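Engineer: Residue 82 in this note's numbering sits at position 73 of the sequence shown; the count goes up by one each step and never skips. Even for Gly, the Cβ is constructed at its ideal location relative to N, Cα and C. The model shown is predicted, which means the values in this text are computed figures rather than measured ones. To start, I am sharing the structure in question, which I have written as structure tokens.
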Amino acid sequence: IYIKRDDYAGISQFGGNKIRKLEYLLQDAVNGDADTVITYGASQSNHAMQTAAACIRLGLNPLLFLVNLQEENEVPMANMILNSILGAEIHMEPCHGESFGEGLKRSRVRAARRIRELEEEGHRCYEIPMGGATALGSIGFVEGFIEVTEQMEEMGLSADHLFHASGSGGTLAGLAAGKCLTGSPVRIHGVGVGISHEKYMEEVCVLANEALDLLHSSIRVTIEDFLFHEAYGGPGYEKPGRESIEAMKLLARTEGLFLDPVYTAKAFSGMLDQIEKGVIERGSTVVFWHTGGVQALFAEKEILGSLT
Numbered sequence: 010i011y012i013k014r015d016d017y018a019g020i021s022q023f024g025g026n027k028i029r030k031l032e033y034l035l036q037d038a039v040n041g042d043a044d045t046v047i048t049y050g051a052s053q054s055n056h057a058m059q060t061a062a063a064c065i066r067l068g069l070n071p072l073l074f075l076v077n078l079q080e081e082n083e084v085p086m087a088n089m090i091l092n093s094i095l096g097a098e099i100h101m102e103p104c105h106g107e108s109f110g111e112g113l114k115r116s117r118v119r120a121a122r123r124i125r126e127l128e129e130e131g132h133r134c135y136e137i138p139m140g141g142a143t144a145l146g147s148i149g150f151v152e153g154f155i156e157v158t159e160q161m162e163e164m165g166l167s168a169d170h171l172f173h174a175s176g177s178g179g180t181l182a183g184l185a186a187g188k189c190l191t192g193s194p195v196r197i198h199g200v201g202v203g204i205s206h207e208k209y210m211e212e213v214c215v216l217a218n219e220a221l222d223l224l225h226s227s228i229r230v231t232i233e234d235f236l237f238h239e240a241y242g243g244p245g246y247e248k249p250g251r252e253s254i255e256a257m258k259l260l261a262r263t264e265g266l267f268l269d270p271v272y273t274a275k276a277f278s279g280m281l282d283q284i285e286k287g288v289i290e291r292g293s294t295v296v297f298w299h300t301g302g303v304q305a306l307f308a309e310k311e312i313l314g315s316l317t
């Protein structure tokens with residue numbers, strides 16, 4: 010098993026995979042003369058925090074519309090501390106006893122009102138969906154797939170399987186598009202984190218193919234080109250199960266590496282289960298894509314589960 014360390018990626022000490030998407034999305038914002046960027050996520054969203062940090066670097070004003078899935082807490086933690094330090098404009102939407110999707114809908118309504126206000130004041134706004142899951146953003150992971158393939162080749166290796174945590178779907182779309190574009194035989198495994206839905210795989214294909222269209226490629230991605238495992242999402246989004254807690258402890262106590270309870274721990278536990286069941290053949294070369302977000306280890310107790 011090899012680990013692709015995207016927890017090292019980013020412009021601050023708190024890295025992660027979203028910077029690959031933001032490289033393209035924020036360039037598009039700058040090209041369109043935007044001065045304000047709006048995005049969405051849960052209260053401990055890595056994407057939102059990385060968006061805020063990248064906006065500050067580029068001189069853009071970040072607005073974060075976040076859904077609070079945890080109990081009300083007067084003391085900000087983890088990414089919420091970082092968002093505050095960065096000076097982002099934060100709008101919180103309570104979401105207790107209902108789905109994340111319902112809270113997200115209300116966040117979008119609030120954002121639409123705020124965008125109108127800002128545009129009336131003369132600002133130019135650029136909106137990024139949750140997780141940066143757009144065709145343009147997914148190109149960052151087409152590039153990422155080519156990068157990891159070249160790194161493996163330099164080591165004299167060829168990956169048979171690649172596992173990663175899949176939330177909003179943009180990372181999975183980009184990796185699948187990269188696989189098809191390069192003709193790689195590697196099997197891409199997206200591991201769900203508790204926010205997938207019935208049409209998830211079809212929507213990933215749409216994103217992947219739109220990304221390929223932007224690259225002027227006629228190659229098409231179908232659901233046969235990747236695997237999606239939704240059985241490892243635990244009790245729900247931002248809620249770790251027993252298996253993911255054990256996966257976090259295992260990697261920390263064998264390699265000294267940390268996973269986060271929201272994304273990477275679920276993906277790592279899914280990978281281990283596939284190996285233990287023999288689905289991944291003995292002798293296979295497996296890559297685990299660490300997407301970052303370990304600051305969630307310092308988040309609310311509901312996110313940490315029984316870790317401590």
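Any heavy atom of the ligand MN closer than 7 Å to the beta-carbon of Ala97?
Structural biologist: In terms of ligand content, the structure shown is empty, and the ligand MN therefore cannot be addressed.
Engineer: When the Cα of Val296 is compared with those of His100, Ala97, Ser52 and Leu171, which residue comes out closest?
Structural biologist: Leu171
Engineer: Compare the beta carbon distance of Cys104 and Glu98 with 8 Å and say whether it is the shorter of the two.
Structural biologist: It is not a contact, given that the beta carbons lie outside the stated cut-off.
Engineer: Three or more beta-carbon pairs under 8 Å between the segment 305 to 317 and the segment 70 to 81, yes or no?
Structural biologist: Taking a contact to require three or more Cβ pairs closer than 8 Å, the segment 305 to 317 and the segment 70 to 81 qualify as touching.
Engineer: Would DSSP call Lys248 helix, strand or coil?
Structural biologist: strand
Engineer: Taking 8 Å as the limit between beta carbons, can you name the residues of its chain near His100, skipping five residues before and five after?
Structural biologist: Leu72, Leu73, Phe74, Leu75, Ser116, Arg119, Ala120 and Arg123
Engineer: In whole angstroms, what is the alpha-carbon distance linking Leu260 and Gly41?
Structural biologist: The straight-line gap from Cα to Cα measures roughly 43 Å.
Engineer: What is the DSSP secondary structure of Arg14, counted as helix, strand or coil?
Structural biologist: strand
Engineer: Do Cys134 and Thr45 have their C-beta atoms closer together than 8 Å?
Structural biologist: yes
Engineer: What residue does the beta strand (DSSP E) around Ile137 start on, and which one ends it?
Structural biologist: Cys134 to Ile137
Engineer: Evaluate Gly19 with the Cβ neighbour count: other Cβ atoms within 10 Å of its Cβ, from every protein chain shown; 16 or more gives buried, anything less gives exposed.
Structural biologist: buried
Engineer: How should Tyr17 be labelled, buried or exposed, when 16 other C-beta atoms within 10 angstroms of its C-beta is the threshold for buried?
Structural biologist: Exposed.
Engineer: Our contact map puts Val202 next to His173 with C-beta atoms below 8 Å; I'd like the distance itself, whole angstroms only.
Structural biologist: Actually they do not touch by this definition, with Cβ atoms about 10 Å apart.
Engineer: What is the residue span of the alpha helix (DSSP H) that Gly24 lies within?
Structural biologist: Looking at the DSSP string, Gly24 is not in any alpha helix (DSSP H), and its letter there is neither H nor E.
Engineer: Name the two residues that bound the continuous beta strand (DSSP E) containing Ser98.
Structural biologist: Checking the sequence shown, residue 98 turns out to be Glu, not Ser. Glu98 -> beta strand (DSSP E) spans Glu98 to Pro103.
Engineer: Any idea if Asp322 is buried or exposed, counting beta-carbon neighbours within 10 angstroms, 16 or more meaning buried?
Structural biologist: The requested residue 322 does not occur in the structure, where the chain is confined to residues 10 to 317.
Engineer: Counting Cβ pairs closer than 8 Å, one from the segment 248 to 263 and one from the segment 275 to 284, do we hit at least three?
Structural biologist: Three or more Cβ pairs closer than 8 Å define a contact, and the segment 248 to 263 meets that threshold against the segment 275 to 284.
Engineer: Quick one: what's got a C-beta closer than 7 Å to Ile155's C-beta in the same chain, skipping five residues either side?
Structural biologist: Gly187 and Thr191
Engineer: Considering only residues of the same chain and omitting the five flanking positions on each side of Phe235, which have a CB-CB separation below 6 Å?
Structural biologist: Once the five neighbours on either side are set aside, the close Cβ partners of Phe235 are Ala185 and Ile197.
Engineer: Kindly indicate which three-state DSSP category Ile228 falls into: helix, strand or coil?
Structural biologist: coil
Engineer: My assumption, with CB atoms under 8 Å, is that Lys27 sits in contact with Gln53. Please give the rounded CB distance.
Structural biologist: That pair is no contact at about 13 Å.
Engineer: Can you tell me whether Val84 is buried or exposed? The criterion is at least 16 other CB atoms within 10 Å of its CB, across all chains shown.
Structural biologist: exposed
Engineer: Just list the beta strand (DSSP E) runs in the segment 141 to 205, keeping only unbroken ones of 3 residues or longer that don't cross its boundaries, in chain order.
Structural biologist: Fully enclosed beta strand (DSSP E) runs of 3 or longer: 170 to 175 and 196 to 201.
Engineer: What is the C-beta distance between Asp15 and Gly265, in whole angstroms, given that I count them as a contact (C-beta under 8 Å)?
Structural biologist: With 8 Å as the limit, Asp15 and Gly265 do not qualify as a contact, their Cβ atoms being about 18 Å apart.
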